[in-house]
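Here my numbering is used: the first residue of the sequence shown is 6, the next is one more, and so on.
Accompanying notes for the structure given below.
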Amino acid sequence: LRHLEAKVDARARDMAMVTRDLQEDADALVVSYGITSRAAREAVRLGRAAGRRLSFLGLLTLFPIPVEAIREATRTARRVVVAEENLSGLYRKVLAGALPDLEWHGVNTLGRMIRPAEILEAL
């Protein structure tokens with residue numbers, strides 16, 4: 006099993022699939038996946054229209070963790086908001102474990118979709 010883990014680690018950058026909408030001097034990054042990415046992308050659009058410096062990272066795959074993509078997106082941003090439709094914020098906790106030097110915040114719901122305004126509030 007260790008050899009399979011090593012193969013994944015060696016190819017993690019190629020296997021981790023993300024969509025990016027990065028702003029060079031962003032103060033914060035919004036990370037999301039699945040249907041919640043639409044609300045997250047809209048929150049970033051609205052925030053930018055209001056003068057905020059924000060980046061967006063949409064995850065198409067959850068594992069391997071896209072560490073390099075997140076590091077690239079947080080060159081200037083230290084605050085990361087993860088929007089995910091569950092109460093525990095499990096993936097945020099996984100990301101925070103992999104990248105403990107960043108300030109992690111979650112926007113979580115259960116039984117309904119997250120609204121862009123809720124994500125903006127967390128920023």
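Each residue gets a CB set at the ideal place from its N, CA and C atoms; glycine is no exception.
DSSP state of residue i mapped onto helix, strand, coil
| i | result |
| --- | --- |
| E126 | helix |
| L34 | strand |
| A21 | coil |
| D106 | coil |
| L62 | strand |
| E73 | helix |
| E10 | helix |
Pairwise C-alpha distance: residue j and residue i
| i | j | result |
| --- | --- | --- |
| G102 | A11 | 19 Å |
| D19 | P71 | 9 Å |
| R97 | G111 | 7 Å |
| L100 | G56 | 27 Å |
| A78 | I119 | 22 Å |
| R25 | G39 | 14 Å |
| A44 | N91 | 15 Å |
Residue range of the alpha helix (DSSP H) that includes residue i
| i | result |
| --- | --- |
| T41 | T41 to A54 |
| A82 | Counting along the chain, A82 falls outside any alpha helix (DSSP H), and DSSP gives it neither H nor E. |
Same chain, Cβ closer than 8 Å to residue i, five either side skipped, listed in chain order
| i | result |
| --- | --- |
| S93 | N113 |
| R53 | Q28 and L59 |
Close beta carbons around residue i, own chain, < 6 Å, minus the five adjacent residues each side
| i | result |
| --- | --- |
| E108 | R83 and R84 |
| V87 | V36, R97 and G111 |
Anticipated Cβ contact below 8 Å, residue i with residue j, distance rounded
| i | j | result |
| --- | --- | --- |
| A127 | T81 | 19 Å between Cβ atoms; not a contact. |
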